[in-house]
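Engineer: Chains as they are written, first to last, in this note's numbering: chain A, 57 to 279; chain B, 87 to 745; chain C, 700 to 946. Think of the CB as a built atom: it goes at the ideal place given N, C-alpha and C, for glycine as much as any other residue. Once you've had a glance at the structure underneath, I'll fire off some questions.
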């Protein structure tokens with residue numbers, strides 16, 4: 057048979073592939089992010105943390121990677137929007153009765169919703185930390201990120217918002233991590249359970265670590 | 087000379103097909119492009135024929151009533167497909183497959199056709215494997231075989247319990263390839279209602295688009311009917327709900343003779359009827375008889391549960407009557423024996439129309455051997471039972487699950503209840519060696535024709551015949567006819583014959599709606615089925631058949647006076663579809679009874695109570711009935727029988743015995 | 700038992716449909732779900748109303764024709780069976796049962812519970828085959844195939860093409876169906892020759908038909924009456940990636 061197929065990236069599988077790829081990239085970023093944040097646990101008045109933050113804000117390689125990171129996020133979001141629209145069109149008339157719970161997990165079906173919550177959270181998060189840092193860099197001033205951490209997380213409402221954001225992140229990761237591997241075609245009797253376990257523990261650890269930060273700061277456990 | 091010329095080539099049976107192929111007229115590739123072929127039905131025969139003919143270069147149109155060619159009822163065949171590969175080195179050969187098929191058919195099939203079938207059987211397996219049909223394999227990577235239907239060699243190829251599905255998907259994939267290449271036009275959800283004849287040659291069909299209700303005219307230089315059997319005459323059968331005889335019957339009324347209509351096969355291991363609501367019967371693979379034991383209570387009207395009846399009160403009637411073959415006697419023998427016991431009042435279950443198929447002995451036996459295998463000394467009875475169940479589950483798990491789904495009973499604990507059901511029709515349109523009916527250019531393939539199984543079909547031979555006809559016979563034999571048709575230009579469907587045929591079809595539809603009676607189609611169908619089952623079923627006699635003919639005529643009159651078809655003709659209307667099918671069954675049923683009445687011998691699936699030995703076994707009358715009864719429609723429900731004498735030049739004719 | 704049925708009635712694809720309530724009485728638990736429909740239809744005919752149109756044929760779970768979403772689940776409350784294999788003993792006296800057709804853009808309603816699944820046919824004709832003409836095959840045992848591969852291929856080929864995967868998927872994606880076809884051939888040496896073009900062409904047609912994309916919720920695998928595994932979707936993804944890397 058002859059081959060009459062269009063472009064890979066515009067195909068449904070190609071789009072999913074990009075989702076998975078950008079998703080995994082963001083997942084790897086979260087590891088770096090959480091490790092740097094964890095520097096607060098040196099409990100040295102933010103010295104180590106600020107050093108790390110300074111490095112991240114000024115190193116040229118990180119700057120380039122950061123652009124990639126934003127592109128990754130945008131791509132992930134745009135693809136998600138396109139796919140959601142297309143998927144919606146695939147079933148114009150909905151079922152009167154639906155009993156989805158027996159065949160799939162709610163969070164697997166709610167990646168769009170969880171993603172939207174995450175995006176909103178991300179905007180809040182960037183406004184809280186990234187924007188002030190950038191302004192400082194732009195002005196050539198030294199920005200004390202640790203201080204702004206303490207200031208921001210003194211507000212219980214913001215802490216609550218962050219915790220909600222992290223709940224969204226947890227469920228988003230719980231599905232997203234293993235889903236990416238399935239999309240890449242990695243499904244194997246022997247290894248898939250391991251991948252799923254990794255995904256689960258990754259989601260748990262990342263979320264708990266991140267969640268511990270606003271809580272400890274709010275409670276004043278970190279000086 | 088008889089009107090029937092079977093056109094069997096001269097010569098030794100081994101040489102007939104080879105010589106035929108070497109001498110049959112061919113059609114030049116550039117002419118093939120201009121020749122159009124209509125294929126009705128998309129099962130094994132239809133799909134394989136359409137694909138193979140399109141590969142040769144013919145322009146093909148395929149029609150099926152389902153929404154996809156893949157859904158044809160060939161898909162439901164469970165057991166397997168025979169071939170004379172002799173991969174097991176157990177002494178099989180083309181000759182043996184030929185011999186077994188003729189003998190199994192109780193010497194009512196043509197030697198020439200059956201030998202050809204056995205000859206091409208090997209190519210079918212090759213073709214299917216090349217298509218990617220996932221047949222069962224051994225650990226060494228070679229194809230696996232099993233013994234089936236009581237044969238002494240292992241010649242059956244299979245794909246778990248879905249051989250029919252996998253083979254059909256193979257043929258369907260070949261068909262799809264041609265559809266993709268544009269050489270086949272597929273018309274799904276279309277039902278053929280008329281054959282169009284011009285100058286005594288089949289030149290097309292009238293089909294109803296079942297979505298819009300529109301009647302369509304389609305031209306073809308030749309028409310192939312691959313429309314399956316007519317088991318649904320009995321209302322309850324293992325056929326799909328939509329299986330029907332309309333295409334074959336309409337062809338019959340246009341001049342195609344109907345061969346041996348009374349030859350129907352009743353399968354012994356079906357799940358019994360549970361009530362009046364029953365719409366169809368489900369078959370359980372014959373392989374269950376390999377390990378299950380069939381019995382009834384010795385006491386009449388014993389209402390105890392199967393597992394509460396002690397061993398000494400059970401009658402293992404097959405083992406008692408047929409010590410050599412026991413539970414593995416051929417289908418017709420097993421079916422009749424079950425009916426005999428139930429008629430005598432030994433039936434079980436709520437309806438008393440069932441016998442037990444018991445796996446307790448097998449579970450015990452397997453349990454012991456498994457315990458030995460696992461080197462467990464002094465296993466407890468519970469352990470033994472558990473081991474035994476495991477082995478049975480491995481072998482028959484899917485069938486046991488299916489049984490439980492349908493009946494709500496657990497067959498590991500209580501014996502299954504089974505009863506025979508109509509399964510296959512050996513009769514069908516009469517065809518010659520070329521598979522052409524008595525109408526020029528009208529062919530009939532697969533179960534729809536009468537040719538290869540005689541009075542009884544062996545297990546795993548239906549799939550073989552369907553594919554043999556489609557892949558390896560028709561591509562050659564159609565050339566004999568079409569090579570003379572190359573000058574015929576496609577006839578426009580405005581031709582008066584098309585108009586007349588469409589009017590006929592339309593008139594019948596209008597007639598249905600005009601009756602405005604009070605009873606549904608199913609009402610009549612059920613009543614027809616009851617008459618057929620009781621009087622033209624497993625055991626037939628002159629009195630019953632004569633009564634049946636009268637009753638069917640009365641029912642037919644009532645049908646045309648009191649039928650109610652709801653809805654409109656120009657929409658999707660299953661009631662209308664059913665009406666048109668049942669109208670034909672009401673005529674075919676009568677012919678079946680007439681044929682059964684005429685054939686006052688017992689052979690294969692046809693058992694005349696008047697013709698049996700002292701021990702109650704079927705008694706064939708070879709000097710009187712070694713012929714094919716081919717019925718010609720003479721108008722107004724009258725038929726004339728023509729005989730095609732069967733000559734047995736290779737095989738010595740003998741009485742079957744399974745004692 | 701007595702039941703209340705709410706059944707989707709729609710005269711044609713062009714008209715709007717709605718759920719219509721029908722009470723049914725004296726239903727035997729031994730009836731199949733479709734036999735219960737027969738009883739209801741018989742009643743409708745006796746009242747001169749038009750019976751409910753639904754697809755069905757073999758009534759033994761193999762042809763793949765029957766297709767009902769029953770109380771929000773494709774082929775009803777039990778797993779591993781088709782609608783025709785569902786029996787009324789799975790319901791209780793007094794139950795309300797909502798019956799809807801498969802819902803997908805690519806499966807438009809023809810009438811009542813009957814939908815048009817020819818999209819599957821068009822996907823098949825793009826590559827669901829091995830290009831081998833009748834008569835060209837070598838001896839079947841010239842090509843040994845490891846039993847595990849043959850079995851895995853068989854498991855994929857067990858798909859009956861009913862479309863429950865599409866009906867179940869929240870995106871009405873046909874990935875499980877297409878993946879089963881791609882896998883059946885990808886696992887066999889016969890299929891490898893055309894593997895690249897097959898997966899590309901079939902996926903392209905699938906996208907063209909307007910099915911949604913796969914979001915790996917796994918619902919299709921659960922509701923598939925033949926238990927076709929998600930592994931097949933992964934295999935198709937892999938095949939597709941490899942095919943696109945090749946050229």
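The alpha helix (DSSP H) with residue 529/B in it runs from where to where?
Structural biologist: Position 443 of the second chain, counting from 1, holds the residue named residue 529/B. Counting along the chain, no alpha helix (DSSP H) covers residue 529/B; the unbroken beta strand (DSSP E) around it starts and ends at 528 to 530.
Engineer: Excluding the five sequence neighbours on either side, which residues of its own chain have a C-beta within less than 6 angstroms of the C-beta of residue 405/B, listed in chain order?
Structural biologist: Reading the second chain from its first residue, position 319 is the one you call residue 405/B. Cβ within range, chain order: 412.
Engineer: Straight-line CA distance for residue 933/C to residue 889/C?
Structural biologist: As a working note, residue 933/C is residue 234 in the third chain. As a working note, residue 889/C is residue 190 in the third chain. Straight-line Cα distance between these residues: approximately 21 angstroms.
Engineer: Out of curiosity, what's the CA-to-CA distance linking residue 463/B and residue 472/B?
Structural biologist: As a working note, residue 463/B is residue 377 in the second chain. As a working note, residue 472/B is residue 386 in the second chain. Cα to Cα, the separation comes out at about 15 angstroms.
Engineer: In terms of residue numbering, what span does the beta strand (DSSP E) encompassing residue 290/B cover?
Structural biologist: Locating residue 290/B in the second chain gives position 204, where the first residue counts as 1. 287 to 295 is the span of the beta strand (DSSP E), which, as asked, contains residue 290/B.
Engineer: How is the alpha helix (DSSP H) around residue 567/B delimited, first residue to last?
Structural biologist: Locating residue 567/B in the second chain gives position 481, counting from the first residue. That run of the alpha helix (DSSP H) goes 560 to 568.
Engineer: Would you kindly work out how many angstroms separate the C-alpha atoms of residue 769/C and residue 665/B, rounded to a whole number?
Structural biologist: If you number the third chain from 1, residue 769/C lands on position 70. If you number the second chain from 1, residue 665/B lands on position 579. Spanning the two alpha carbons is a distance of roughly 29 angstroms.
Engineer: Can you give me the C-alpha to C-alpha distance between residue 120/B and residue 576/B, rounded to a whole angstrom?
Structural biologist: Taking the first residue of the second chain as 1, we reach residue 120/B at position 34. Taking the first residue of the second chain as 1, we reach residue 576/B at position 490. Rounded to the nearest angstrom, the two C-alpha atoms are 8 angstroms apart.
Engineer: Just checking: is the beta-carbon of residue 907/C within a distance shorter than 8 angstroms of some beta-carbon in chain B?
Structural biologist: Walking along the third chain from the start, residue 907/C turns up at place 208. Closer than 8 angstroms: no.
Engineer: To the nearest angstrom, how far is the alpha carbon of residue 789/B from that of residue 161/B?
Structural biologist: No answer is possible for residue 789/B: it lies beyond the span of chain B, which begins at 87 and ends at 745.
Engineer: Which chain C residues are close to residue 258/A, counting only those with a beta carbon under 7 angstroms from its beta carbon?
Structural biologist: Walking along the first chain from the start, residue 258/A turns up at place 202. Under the 7 angstroms cutoff, chain C gives no residues; its nearest Cβ is about 17 angstroms from residue 258/A.
Engineer: Measuring from the CB of residue 932/C, is there a heavy atom of the ligand NAD at a distance below 7 angstroms?
Structural biologist: What this structure holds is no ligand at all, so the ligand NAD is not there to describe.
Engineer: List the residues of chain B that residue 744/C touches, going by C-beta distances under 8 angstroms, in chain order.
Structural biologist: Here residue 744/C refers to the residue found at position 45 when the third chain is read from its first residue. Within chain B, the residues near residue 744/C are 606, 650, 652, 661.
Engineer: Bridge partners of residue 355/B, per DSSP?
Structural biologist: In the second chain, residue 355/B corresponds to position 269, counting from 1. Paired residue(s): none; residue 355/B is not in a bridge.
Engineer: Going residue by residue through the region 137 to 205 of chain A, where are the continuous alpha helix (DSSP H) segments of at least 4 residues, counting only ones entirely within it?
Structural biologist: 162 to 165, 167 to 181, 187 to 195
Engineer: On a CA-only basis, which of 659/B, 729/B, 719/B is nearest residue 684/B? Give me that one, please.
Structural biologist: As a first step, residue 684/B must be located in the second chain, where it is residue number 598. For residue 684/B, the nearest C-alpha among the options comes from 729/B.
Engineer: In its own chain, which residues sit with a C-beta less than 6 angstroms from the C-beta of residue 87/B, not counting the 5 before and 5 after it?
Structural biologist: In the second chain, the residue the question calls residue 87/B occupies position 1. In this predicted model, residue 87/B has a pLDDT of only 43, less than 50, meaning its place in the structure is not dependable; the value taken from the coordinates is given anyway. The answer is none, since no qualifying residue turns up.
Engineer: Measure the CB-CB distance between residue 875/C and residue 822/C and report whether it falls below 8 angstroms.
Structural biologist: On the third chain, position 176 is the one that residue 875/C refers to. On the third chain, position 123 is the one that residue 822/C refers to. Taking 8 angstroms as the Cβ cut-off, residue 875/C and residue 822/C do not qualify as a contacting pair.
Engineer: Give the DSSP-derived three-state secondary structure of residue 345/B in the structure shown.
Structural biologist: Counted from its first residue, the second chain places residue 345/B at position 259. In this structure, residue 345/B counts as strand in the three-state DSSP scheme.
Engineer: Quick one: using the 10 Å Cβ neighbour count with 16 as the cut-off for buried, is residue 478/B buried or exposed?
Structural biologist: As a first step, residue 478/B must be located in the second chain, where it is residue number 392. It is buried - the Cβ of residue 478/B has at least 16 other Cβ atoms within 10 Å.
Engineer: Does the separation of the CB atoms of residue 95/A and residue 113/A fall below 8 angstroms?
Structural biologist: The residue you call residue 95/A lines up with position 39 of the first chain. The residue you call residue 113/A lines up with position 57 of the first chain. Their beta carbons are not under 8 angstroms apart, which means residue 95/A does not touch residue 113/A by this criterion.
Engineer: Is residue 726/B buried or exposed, if buried means 16 or more other CB atoms sit within 10 Å of its CB?
Structural biologist: Locating residue 726/B in the second chain gives position 640, counting from the first residue. By the 10 Å Cβ count, residue 726/B comes out exposed.
Engineer: Which complete alpha helix (DSSP H) runs does the region 636 to 683 of chain B hold, if anything under 4 residues is left out?
Structural biologist: none
Engineer: Between which residues of its own chain and residue 386/B is the CB-CB distance below 8 angstroms, once the five residues before and five after are set aside?
Structural biologist: In the second chain, the residue the question calls residue 386/B occupies position 300. The answer, listed in chain order, is 430, 431, 432.
Engineer: Would a check of beta-carbon distances place residue 911/C closer than 8 angstroms to chain A?
Structural biologist: The residue labelled residue 911/C in the question sits at position 212 within the third chain. Yes, because at least one Cβ of chain A sits closer than 8 angstroms to the Cβ of residue 911/C.
Engineer: In terms of DSSP beta bridges, what is residue 505/B paired with?
Structural biologist: On the second chain, residue 505/B is found 419 positions in, with the first residue counted as 1. 356/B.
Engineer: Could you check whether the Cβ of residue 151/A sits closer than 8 angstroms to any Cβ belonging to chain C?
Structural biologist: Position 95 of the first chain, counted from the start, is the residue given in the question as residue 151/A. True, the Cβ-Cβ gap to chain C drops below 8 angstroms.
Engineer: If I'm right that residue 813/C touches residue 680/B with Cβ under 8 angstroms, what's the distance once you round it to whole angstroms?
Structural biologist: Numbered from 1 along the third chain, position 114 holds the residue referred to as residue 813/C. Numbered from 1 along the second chain, position 594 holds the residue referred to as residue 680/B. Contact flag wrong, Cβ pair sits at about 38 angstroms.
Engineer: The region 769 to 792 of chain C: which residues have C-beta closer than 7 angstroms to a C-beta of chain A, in chain order?
Structural biologist: 770, 771, 772
Engineer: Step through the CB atoms of chain B and report whether any lies within less than 8 angstroms of the CB of residue 806/C.
Structural biologist: Numbered from its first residue, the third chain carries residue 806/C at position 107. With 8 angstroms as the cut-off, residue 806/C does not count as an interface residue toward chain B.
Engineer: Looking only at DSSP bridge pairs, what is residue 706/C linked to?
Structural biologist: Along the third chain, one-based indexing puts residue 706/C at 7. In the DSSP assignment, residue 706/C is bridged to 719/C, 798/C.
Engineer: Determine the closest residue to residue 910/C out of 833/C, 803/C, 845/C, with distance taken between C-alpha atoms.
Structural biologist: Translated into the one-based positions of the third chain, residue 910/C becomes position 211. That would be 803/C, whose Cα lies nearest to the Cα of residue 910/C.
Engineer: Find the nearest neighbour of residue 524/B within the set 253/B, 724/B, 340/B, judged by alpha-carbon distance.
Structural biologist: Looking up residue 524/B in the second chain gives position 438. Distances from the alpha-carbon of residue 524/B to those of 253/B, 724/B, 340/B put 340/B closest.
Engineer: Span of the beta strand (DSSP E) holding residue 694/B?
Structural biologist: Residue mapping note: residue 694/B aligns to position 608 of the second chain, counting from 1. Here residue 694/B belongs to no beta strand (DSSP E), and DSSP marks it neither H nor E.
Engineer: Quick one: which residues of the region 145 to 169 of chain A get their C-beta closer than 8 angstroms to a C-beta of chain C? List them in chain order.
Structural biologist: 145, 146, 147, 148, 149, 150, 151, 152, 153, 154, 155, 156, 158, 159, 160, 161, 164, 165, 167
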